[in-house]
Amino acid sequence: MDYVFHLDREPFETIWRGQKTIELRMCDEKRKNIAPGDTVRFVYAGDERLSMEVKVTKVHRFKSFEELYKALPLSRCGYPSDDVPGEPWRDMESYPGYSPEEQKRLGVLGIEFEQIPFRKPFRDPFRMDPFLERFASLLRPYWEHRRDYRFGQILTGFRASLEQRGIRDLYYLEDEDFLALWEEYLR
0 MDYVFHLDRE PFETIWRGQK TIELRMCDEK RKNIAPGDTV RFVYAGDERL SMEVKVTKVH
60 RFKSFEELYK ALPLSRCGYP SDDVPGEPWR DMESYPGYSP EEQKRLGVLG IEFEQIPFRK
120 PFRDPFRMDP FLERFASLLR PYWEHRRDYR FGQILTGFRA SLEQRGIRDL YYLEDEDFLA
180 LWEEYLR
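Here the sequence shown stands for residues 0 to 186, numbered as in numbering that gives the first Met the number 0.
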């Protein structure tokens, strides 16, 4: 069976990067029959064109999120580590329909999954901000020492340095490779 889950940016990103491998949900009518082997398509709520598919490998059933949080490794549920202070399960109660009463009535799920290769966009859809930050942090000190240069002059010099290395077309450079060459040139 196939399921679709909509996610905000942070959980979508942690799944994309392979840091989160357990999704937490209520055991409601839509999800009560989810089982290993099923497919879940995670859709980024901020841009529904971005999605990825995963395969359910195990379903953990609990009476409450408190019980779930004490049993499952939190680092696989999207937290930075397994040692989260306080009562982190209380966060789940802020979602509509996730009250302690609803948890008791329906139960909760920890849906364990693995990514399906080639079932997500090829490149990280959130790479622009880190790329631009890195690009600018490399450019700024270089340009500050050459204040009379125009940006086009810097790019022309960069392009010439690439051609000397046999790189004639920027079109096929992956972002990380571009930044490595950019950094090397600006040194």
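Note that CB positions come from ideal geometry on N, CA and C, so glycine has one too.
Treat the numbers as computed from the prediction; the structure is a model and nothing was measured.
Going by C-alpha to C-alpha distance, which of Ser-74, Gly-45, Glu-113 and Pro-87 sits closest to Val-58?
The residue with the shortest Cα to Cα distance from Val-58 is Glu-113.
Within the same chain, show all residues whose beta-carbon is closer than 8 Å to that of Thr-155, passing over the 5 residues directly before and after it, in chain order.
Excluding sequence neighbours, Thr-155 sits near nothing in its chain.
Could you work out which residue in Lys-29, Glu-28, Phe-11 and Asp-27 is closest to Phe-21 when comparing CA atoms only?
In the sequence under discussion, the amino acid at residue 21 is Ile, which differs from the Phe named in the question. Of the candidates Lys-29, Glu-28, Phe-11 and Asp-27, the one whose C-alpha sits nearest the C-alpha of Ile-21 is Phe-11.
Would you please state the rounded distance, in angstroms, between the beta carbons of Asp-174 and Arg-126? I believe it to be under 8 Å.
That pair is a contact at about 6 Å.
What are the boundary residues of the beta strand (DSSP E) that Ser-50 is part of?
50 to 61 is the extent of the beta strand (DSSP E) around Ser-50.
Should Cys-76 and Leu-6 be called a contact, given that it needs their Cβ atoms to be closer than 8 Å?
Not closer than 8 Å, so no.
Is there contact between the segment 91 to 108 and the segment 38 to 47, where contact requires at least three CB pairs shorter than 8 Å?
Too few Cβ pairs lie closer than 8 Å, so no.
Under 8 Å Cβ to Cβ from Ser-80, same chain only, skipping five residues before and after it: list those, please.
For Ser-80, where only same-chain residues beyond five positions count, the Cβ hits under 8 Å are Leu-73 and Ser-74.
Going by CA-CA distance only, name the one from Ile-166, Lys-62 and Glu-162 that's closest to Gly-109.
Residue Lys-62 is the option with its Cα nearest to Gly-109.
I need the straight-line Cα distance from Asp-46 to Phe-150, nearest angstrom please.
Cα to Cα, the separation comes out at about 33 Å.
Going by C-alpha distance, which of Arg-146, Glu-92, Gly-165 and Ile-33 is nearest Tyr-191?
With the chain covering only 0 through 186, there is no way to say anything about residue 191.
Flag this pair as yes or no: are the beta carbons of Gly-137 and Leu-180 separated by less than 8 Å?
Note on identity: in this sequence residue 137 is Leu, with Gly being the wrong assignment. The answer is no: Cβ separation not under 8 Å.
Can you grab the Cα-Cα spacing for the pair Leu-49 / Met-0, in whole Å?
If I take the Cα positions, the gap works out to 21 Å.
Closer than 8 Å by C-beta to Phe-4: which residues in its own chain qualify, once you throw out the five before and the five after it? Chain order, please.
The residues are Glu-22, Arg-24, Val-39, Arg-40, Phe-41 and Val-42.
Pick out the complete beta strand (DSSP E) segments inside the segment 88 to 174, 3 residues or longer, and give them in chain order.
Correct list: 107 to 114.
Express the C-alpha separation of Ser-160 and His-144 in angstroms, rounding to a whole number.
So the two alpha carbons sit approximately 19 Å from each other.
Going by alpha carbons, who is nearest to Lys-241 out of Ile-14, Tyr-2, Glu-52 and Asp-128?
Residue numbering for the chain in the displayed model covers 0 to 186; residue 241 lies beyond these limits and cannot be assessed.
Under the rule that 16 or more other beta-carbon atoms within 10 Å means buried, what is Pro-95, buried or exposed?
So Pro-95 counts as exposed.
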